[in-house]
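In this note's numbering, the protein residues as written are -3 to 608. What follows is a single structure, written as structure tokens, with notes after it.
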């Protein structure tokens, strides 16, 4: 059953217009929707499956089958081939998120797309289990079966990854900050922005609970067989899919829009031809006489707000341009660091066991940040904005690569297998800390900055950066082996340090003090003089939107994004008839006549009253 998401700017208990009460109040996140737990179940199962089968893959490809060896193996293709195939699997799994997003946003919707992806996932796992048995390996079916399974499983992964995060966040419907009195008597601001941030933090916490699955599969691989190790993820995805489907009648679903992606591309094309997104707004096109040049501009769905949404979506994508350099570092955990551990003194520790330090550390870091660090920063009015979080994450990842580089140098200088494998642990822990800042913030931006009907696509573009990183790692396969590993880690470090400044340049300054009623989710652009009570007109720029003039209210395309609902007059217009179109664009309920009745006149100016 489809449930329509309402976005009425006048039906909530808004705190705009009570600006004096904002000053000094603490901001807190809201409670997370319980129904999101069922969606998290499928993500938990998918990540359990993905990491559970990825954990043994390096050994499966790298090492030959030798019962007398401490290292389990099957195909014996060597480190370079193992690293290349592992990166291919990662590349395809995250590149296919684009396919999953297109299918969801244009054709099936997120729920049905996830269900189809689960079926594809199961087919791939059946192929992998059946071709990793001793009989299949003896008949040389292992390599062909592995590649077929990688392609199939990767397609299933993409269908789930692109859609689970936005579908989960869509279960939280509140868009306005509200005042709330706690049991202690303290009055606080319940901030939707902080709620979405918290949702993605705990989403990623669940991801890393699932990522602990190699603790099971690598031990099954080491002490029994690969086919049994791969059977465990197959069972996990079947159970999680069943739990997810059980909530099919309870989810809030955004229906697919058949032309969503084409509309976004056409809007971008109009913006290019008109020399900027502000000039691509229908109100500006009508004023300039260019409206008839573009068929899309005459469509009812083409509004000022929609153009602003597409612009914000593209701005968030600009932030993602340098994420592949981060994910090159992140990728090292799943291939080269595993092989590095194989050259150290294991003392009975499987060489692919230490990769589990990453999710274990994240299961600690995420609650620590959400429950202690971030509330403390908010208490002292320190705005730890997205750009700062991303920069911090890049720095921690750089330190991790520096540590791996130095460690590899000493491995080369020391006798074989003489350095204890647990000395490698800081590399994994530092990468984990970086993920808590970079990946969670990336997911948050991909959702909050995306148009509602393109959330899966923008989410897929974020995941696509992992695919790009994997492709680069494939190209680096020739140096992902002895004796070049010091240079490989060192080059990764230098590249990451250079890329770390990019988010600040592309994102703009987002840590300015909040104004009364401001959500401050900026990603570049200013918000000057936009908070005057009852007469909320922009005299500067409203997050990239120019000041409103006659027939072009500033808040169209800006209000619903930033929760700037006034207690009195909502926007300036050229005449009372404009209230109909303006309030419709903002998603307000009511008839055309009711919208027109909200109009008021002050001198020569007209205003729509959103509290009517």
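Idealized CB from N, CA, C, for every residue including glycine.
Taken through DSSP and simplified to helix, strand or coil, residue 176 comes out as strand. A distance below 8 Å separates the beta carbons of residue 48 and residue 228. Bridge pairing for residue 282: absent [DSSP]. Proximity of the segment 59 to 75 to the segment 239 to 255 falls short of the contact definition, fewer than three beta-carbon pairs being nearer than 8 Å.
Secondary-structure assignment with DSSP links residue 341 through a beta bridge to 416. Measuring C-alpha to C-alpha distances from residue 438 to each of 458, 449 and 448 identifies 458 as the nearest.
In this structure, 143 is the residue among 143, 465, 51 and 417 with its C-alpha nearest to the C-alpha of residue 81.
Rounded to the nearest angstrom, the gap between the Cα atoms of residue 277 and residue 312 is 20 Å.
For the segment 180 to 222, the full-length beta strand (DSSP E) segments reaching 3 residues or more read 183 to 186 along the chain.
Counting along the chain, residue 385 sits inside the alpha helix (DSSP H) bounded by residues 382 to 409. Spanning the alpha carbons of residue 39 and residue 399 requires a straight line of approximately 32 Å.
Put simply, the backbone Cα of residue 448 is about 20 Å away from that of residue 274. Ranking 170, 21, 465 and 230 by CA distance to the CA of residue 119 puts 230 first.
A distance below 8 Å separates the beta carbons of residue 184 and residue 178. When only Cα atoms are considered, residue 428 and residue 364 end up about 13 Å apart.
A distance of 8 Å or more separates the beta carbons of residue 110 and residue 148. Of the other Cβ atoms in all chains shown, fewer than 16 fall within 10 Å of the Cβ of residue 378; this residue is therefore exposed.
Comparing alpha-carbon positions, the option among 588, 32 and 244 lying closest to residue 192 turns out to be 32.
Shown here, residue 40 sits in a helix according to DSSP, grouped into three states.
As DSSP reads the structure, residue 70 sits in a beta bridge with 60. It is roughly 21 Å from the alpha-carbon of residue 413 to the alpha-carbon of residue 353. DSSP places residue 595 within a strand segment (E or B) once states are collapsed to three.
Beta-bridge partners assigned by DSSP to residue 23: 185. Shortest Cα-Cα distance from residue 279 to any of 104, 295 and 587 involves 295. Going by DSSP, residue 451 is part of the alpha helix (DSSP H) stretching over 451 to 471. Take the alpha-carbon of residue 25 and the one of residue 168: they are about 12 Å apart. Boundaries of the alpha helix (DSSP H) around residue 326: 319 to 327. Take the alpha-carbon of residue 107 and the one of residue 450: they are about 15 Å apart.
When the five nearest sequence neighbours on each side are left out, the beta carbons in the same chain lying within less than 7 Å of the beta carbon of residue 472 are those of 484, in order along the chain. When the five nearest sequence neighbours on each side are left out, the beta carbons in the same chain lying within less than 7 Å of the beta carbon of residue 469 are those of 83, 324 and 327, in order along the chain. Residue 238 is classed as exposed because its beta carbon has fewer than 16 other beta carbons within 10 Å across all chains shown.
Where residue 265 is concerned, the enclosing alpha helix (DSSP H) starts and stops at 256 to 269. Listed in chain order, the non-local C-beta contacts of residue 440 below 8 Å within the same chain comprise 192, 193, 196 and 382, local neighbours out to five positions each way being set aside. It is roughly 30 Å from the alpha-carbon of residue 21 to the alpha-carbon of residue 162. Judged by DSSP secondary structure, residue 305 falls within the alpha helix (DSSP H) whose first and last residues are 300 to 315. The C-alpha of residue 271 lies about 15 Å from the C-alpha of residue 306.
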